[in-house]
Amino acid sequence: GSADIAVLGLGVMGRNLAANLADHGAVVAGYDLDEGRRGAFAAQVGNAVPCASVEDLLGALKAPRTILMMVPAGAPVDELTAALLPRLSPGDVLIDGGNSHFRDTNRRAALAAAAGVRFVGLGVSGGEEGARRGPALMAGGDAEALAPVAPLLAAIAARAPDGESCFARVGPEGAGHFVKMIHNGIEYADMQLIAEAYHLLREIGGCSYERLADIFAEWNGGELASYLMEITTDILRTKDGETGAPILEVIRDAAGQKGTGHWAATTALELGMPAPTIAEAVHARCLSALKDERVRAAEALAIPHVPSTEDLVASVGDALLSGRIAVYAQGFAVIAAGSRQFGWDVDLAAVARIWRGGCIIRARLLDRILTALNRAPELPNLMLDPDIAGLMTHGDAGFRRVVAAATLAAVPVPAMASALSYWDGYRSGRLWANMIQAQRDYFGAHGYERTDRPGMVHTEWKGA
Ligand code: 6PG
């Protein structure tokens, strides 16, 4: 065969990645079960080799063969992997570019290794536009597995503002999908912070949509600049095609989710690494989805929202930036914990580097994060970096004012409040956990450590 790479699964992501690969000079073979999608692929992708079966597809490839699977995560990847492995040869590279769970990727990488096939778990971010014009690519796999495909992946990836490619090998087996999962956790939490900022400024700040769009546009010109801020500004200015009303007025306030945010939160829990704002963002989507219950409760348990008399706009900007920093701090801490747990040796600076372009969470803040990680690669928490801590301290008063004002006005700000508690908790040399330890020892004789000498002790509590 003559094709450089095969794309298996020609949905929105597969087809656009194929077109991107073709733009970079690759001859791309493509197959999908769906005939319509095969047609769309042949029509959209230049220099394409449309195939009528998996057999055809494998025959169309140069050796060693590179196959990029772009099928829905879960059973479809397992079925395809099982079907492909016996037909592949040692040295062939099988790439999973879906949002697979990293544990599934660990398992499949082992299966592939047993068959002599090289496996890459590729985290792809940036949606349709990213796939077409340049996504962020977080690759997991053995260095030898990645070597033959790295130049092509580096070429199709987005560029960061400084021109660097947003592709990197972040570790072996499931490390790429792990990093993508945490990317999505950060995505959920940053989206939630932005949604709370918008909601709060409408509910108690009395801002019109036009005013909000101007505020977000201004923020997007400064330290808060990010892709999510940019699309939020656009959304705030958009009118419904049918009614002419601001589009947000006609969108039902019940959020969907496909599961990667949930994975990020449960993985943080499993690793024992706090990521409360990521978890809170998942809870907030779940709460929003109880729309009918909420509407009933709103009647039964109504609390009026008290408009704020102070101008909260600047403070909400502080809350957004501080909240975003806390969220990135949580995300990077979970990646570091996962890297230790699984022995992956993930380069955190490389993660910051490739998240600066192409992906949904690309943000100006990542420049500072990258600088911080270059300065101190072993930094246990981003909030300990003097530059980043400076931003947090600078916004501290405003951050507090916003959470307080929202709380007094009975407007929920779960992500902001959780980020503030994370910041306060992390900076507390002494917490309440002495009481927890006492209670555990009281009812369960679990023992506790003393402050004045090492070792576990137990108290004979009065009532126990
Ligand atoms: C990306 C996104 C993407 C994700 C969707 C849907 O980085 O391009 O994270 O991979 O699948 O945004 O996520 P939810 O449906 O869970 O919101």
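What the sequence shown shows, in UniProt numbering, is residues 17 to 480, in sequence order. Ideal Cβ placement from N, Cα and C applies to all residues, glycine included.
Residue range of the beta strand (DSSP E) that includes T82
As a working mapping, residue 82 is identified with position 66 in the sequence shown. Start and end: 82 to 85.
Between T276 and the ligand 6PG, is the CB less than 8 Å from at least one heavy atom?
In the sequence shown, counting from the first residue as 1, residue 276 sits at position 260. Within the cutoff, so yes.
Take L228 and list the residues in its own chain whose beta-carbon comes closer than 8 Å to its own, dropping the five residues that flank it on each side.
The count along the sequence shown starts at 1 and reaches residue 228 at position 212. These residues qualify, in order along the chain: Y214, L217, R218, L252.
Using only the alpha-carbon positions, how far apart do A166 and V429 sit?
Looking up residue 166 in the sequence shown gives position 150. Looking up residue 429 in the sequence shown gives position 413. Distance between the alpha carbons of A166 and V429: 42 Å.
Look at R103 and L74 and say whether their C-beta atoms are less than 9 Å apart.
The sequence position of residue 103 within the sequence shown is 87, counting from 1. The sequence position of residue 74 within the sequence shown is 58, counting from 1. Yes, the Cβ-Cβ distance between R103 and L74 is below 9 Å.
Bridge-paired residues (DSSP) for A22
By 1-based counting over the sequence shown, the position of residue 22 is 6. Beta-bridge pairing links A22 to A45, I83.
Inter-residue spacing [alpha-carbon to alpha-carbon] between L169 and P177
Position 153 of the sequence shown holds residue 169. Position 161 of the sequence shown holds residue 177. Cα to Cα, the separation comes out at about 18 Å.
How big is the Cα-Cα spacing for A461 and P292?
As a position in the sequence shown, residue 461 is number 445, starting the count at 1. As a position in the sequence shown, residue 292 is number 276, starting the count at 1. Approximately 29 Å, taken between the alpha carbons.
Would you mind giving the Cβ-Cβ distance between G414 and D327, rounded to the nearest angstrom? I have them listed as a contact below 8 Å.
Counted from its first residue, the sequence shown places residue 414 at position 398. Counted from its first residue, the sequence shown places residue 327 at position 311. Actually they are not in contact, since the Cβ atoms of G414 and D327 sit about 11 Å apart, beyond 8 Å.
Please tell me whether F135 and H193 are closer than 9 Å, where the distance is taken between their beta carbons.
Counting from 1 along the sequence shown, the entry for residue 135 is found at position 119. Counting from 1 along the sequence shown, the entry for residue 193 is found at position 177. With contacts defined as CB atoms closer than 9 Å, F135 and H193 fail to qualify as a contacting pair.
Nearer than 8 Å: is that true of the beta carbon of Q346 relative to any heavy atom of the ligand 6PG?
For the purposes of this step, residue 346 is taken as residue 330 along the sequence shown, with counting starting at 1. Every heavy atom of the ligand 6PG is 8 Å or more from the Cβ of Q346, so no.
For my contact list, I263 and I341 are in at a C-beta cut-off of 8 Å; report their separation, rounded to the angstrom.
Looking up residue 263 in the sequence shown gives position 247. Looking up residue 341 in the sequence shown gives position 325. In fact, because the Cβ distance is near 30 Å, the residues do not count as touching under 8 Å.
Pick out whichever of L240, A316, A191 has its Cα sitting closest to the Cα of L364.
Residue 364 sits at position 348 when you count from the first residue of the sequence shown. Distances from the CA of L364 to each of L240, A316, A191 were compared; the closest alpha carbon is that of A191.
Among R469, S116, S18, which one has its Cα closest to the Cα of residue 2?
Nothing in the structure corresponds to residue 2, since the chain is present only between 17 and 480.
With hydrogens ignored, establish whether the beta-carbon of C375 is closer than 8 Å to any heavy atom of the ligand 6PG.
The residue you call residue 375 lines up with position 359 of the sequence shown. Yes - the ligand 6PG has a heavy atom lying nearer than 8 Å to the Cβ of C375.
Sequence-distant residues of the same chain with beta carbon closer than 7 Å to N200, five excluded per side:
Looking up residue 200 in the sequence shown gives position 184. Only T276, G277, A280 meet the Cβ criterion.
Got a sec? Which residues, its chain only, sit under 6 Å from T97 by beta carbon, not counting five neighbours each side?
Looking up residue 97 in the sequence shown gives position 81. Here the set comprises R124.
Less than 8 Å between the CB of H199 and some heavy atom of the ligand 6PG, yes or no?
Along the sequence shown, read from residue 1 onward, the residue named residue 199 stands at position 183. Yes - the ligand 6PG has a heavy atom lying nearer than 8 Å to the Cβ of H199.
Specify, as a first and last residue, the run of the beta strand (DSSP E) that S141 falls within.
Within the sequence shown, the letter at position 125 stands for residue 141. Run containing S141: 134 to 141, per the beta strand (DSSP E) assignment.
Count the other CB atoms within 10 Å of the CB of M245; is the residue buried (16 or more) or exposed (fewer)?
Numbered from its first residue, the sequence shown carries residue 245 at position 229. Its Cβ being crowded by 16 or more others within 10 Å, M245 is buried.
Less than 9 Å between the beta carbons of V133 and P106, yes or no?
Start at 1 with the first residue of the sequence shown, and residue 133 comes out as number 117. Start at 1 with the first residue of the sequence shown, and residue 106 comes out as number 90. Their beta carbons are under 9 Å apart, which means V133 touches P106 by this criterion.
Label A184 either buried or exposed according to how many other C-beta atoms from any shown protein chain fall within 10 Å of its C-beta, with 16 as the threshold for buried.
Position 168 of the sequence shown, counting from 1, holds the residue named residue 184. Counting other Cβ atoms within 10 Å of its Cβ, A184 reaches 16 or more and is therefore classed as buried.
Classify C67 as buried or exposed, calling it buried when 16 or more other Cβ atoms lie within 10 Å of its own Cβ.
Against the sequence shown, residue 67 aligns to sequence position 51. Result: buried.
Does at least one heavy atom of the ligand SAH sit under 8 Å from the Cβ of S141?
As presented, the structure is devoid of the ligand SAH, carrying the ligand 6PG as its sole ligands.
In three-state DSSP terms, what is S331?
In the sequence shown, counting from the first residue as 1, residue 331 sits at position 315. In this structure, S331 counts as helix in the three-state DSSP scheme.
Any alpha helix (DSSP H) of 4 or more consecutive residues that is wholly inside the segment 354 to 436:
Runs of the alpha helix (DSSP H) lying entirely within the segment 354 to 436 and spanning at least 4 residues, in chain order: 364 to 370, 381 to 391, 402 to 424.
Work out the CA separation of V87 and F57 for me, nearest whole Å.
Looking up residue 57 in the sequence shown gives position 41. Looking up residue 87 in the sequence shown gives position 71. When rounded, the separation of the alpha-carbon atoms in F57 and V87 is 15 Å.
Do G142 and M154 have their C-beta atoms within less than 9 Å of each other?
Here residue 142 corresponds to residue number 126 of the sequence shown, with the count starting at 1. Here residue 154 corresponds to residue number 138 of the sequence shown, with the count starting at 1. Not in contact: G142 and M154 (Cβ atoms no closer than 9 Å).
Would you say G272 touches the ligand 6PG, meaning its beta carbon is less than 8 Å from a heavy atom?
Taking the first residue of the sequence shown as 1, we reach residue 272 at position 256. Yes, Cβ of G272 sits closer than 8 Å to a heavy atom of the ligand 6PG.
Nearest-angstrom Cα distance between P320 and A425?
Translated into positions along the sequence shown, residue 320 becomes position 304. Translated into positions along the sequence shown, residue 425 becomes position 409. A direct Cα-Cα distance of roughly 8 Å separates P320 from A425.
Would you say G146 touches the ligand 6PG, meaning its beta carbon is less than 8 Å from a heavy atom?
Working through the sequence shown from its first residue, we reach residue 146 at position 130. Of the heavy atoms belonging to the ligand 6PG, at least one sits nearer than 8 Å to the Cβ of G146.
Any heavy atom of the ligand 6PG closer than 8 Å to the Cβ of E296?
Within the sequence shown, the letter at position 280 stands for residue 296. Because no heavy atom of the ligand 6PG lies under 8 Å away, the Cβ of E296 does not count as near it: no.
Run the proximity test for E203: is its beta-carbon closer than 8 Å to any non-hydrogen atom belonging to the ligand 6PG?
If you number the sequence shown from 1, residue 203 lands on position 187. For the ligand 6PG, at least one heavy atom lies less than 8 Å from the Cβ of E203.
Pull the bridge partners of K255 from the DSSP assignment, please.
Sequence index remark: in the sequence shown, residue 255 carries index 239 (1-based). Partner(s): P262.
Are there 16 or more other CB atoms within 10 angstroms of the CB of Q208, so buried, or fewer, so exposed?
Residue mapping note: residue 208 aligns to position 192 of the sequence shown, counting from 1. Classification of Q208: buried, given that the 10 Å Cβ count is 16 or more.
Q453 to V311, Cα distance in whole Å?
By one-based count along the sequence shown, residue 453 stands at place 437. By one-based count along the sequence shown, residue 311 stands at place 295. Q453 and V311 have their C-alpha atoms spaced approximately 41 Å apart.
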